[in-house]
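To start, the structure under review is shown below, and the notes come after it.
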Amino acid sequence: MSSLKVNGTWELVPRPQKQKPIQCKWLYKLKEGISPNDPIRYKARLVVKGFTQSEGIDYTEIFSPVVKFKTIRMMLVVVVQFNLELEQLDVKTTFLHGDLEEKIYMA
Numbered sequence: 003m004s005s006l007k008v009n010g011t012w013e014l015v016p017r018p019q020k021q022k023p024i025q026c027k028w029l030y031k032l033k034e035g036i037s038p039n040d041p042i043r044y045k046a047r048l049v050v051k052g053f054t055q056s057e058g059i060d061y062t063e064i065f066s067p068v069v070k071f072k073t074i075r076m077m078l079v080v081v082v083q084f085n086l087e088l089e090q091l092d093v094k095t096t097f098l099h100g101d102l103e104e105k106i107y108m109a
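Positions 3 to 109 (this note's numbering) are the ones given, in order, by the sequence shown.
Right, here's the structure in full:
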């Protein structure tokens, strides 16, 4: 929750009378460490219930970036073929797509 507030993910405002809010819910997960000595981490995600939206009313287009497994395999082949080094990056909190132009109300 503090991460969402610090990054200015949303702003708490009163709902306009004629605006239908999109429902959302929190998902909670316990993430165990690799070794038994690592502490259990508590993870939480706020997700929108997209199935409550109507096309043409609540949204006009959908975009979801997805990586195909073939693409990952191809990148690994290039790394091996040219004797390159491959590094992994773990991002704890990401906020995709920057600022929205539309106003979205969630309940």
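In this text, a Cβ means the ideal position worked out from N, Cα and C, and glycines have one as well.
Nothing here was measured: the structure is a model prediction, and the numbers come from that model.
Give the single residue among the options whose Cα lies nearest to the Cα of residue i.
i	options	result
I106	N9, M3, I42 and V15	V15
A46	L32, K22 and V69	L32
K27	I74, E57, K51 and L102	K51
For residue i and residue j, I'd like the C-alpha separation in whole angstroms.
i	j	result
Q25	M3	18 Å
E104	Y30	28 Å
G10	R17	18 Å
T73	F53	30 Å
D40	E57	45 Å
L78	N85	10 Å
K70	S5	30 Å
Q55	Y61	8 Å
Do the CB positions of residue i and residue j come within less than 8 Å of each other?
i	j	result
P23	M108	yes
V81	L88	yes
Quick check on DSSP: helix, strand or coil for residue i?
i	result
R47	strand
K7	helix
I24	strand
K105	coil
L29	strand
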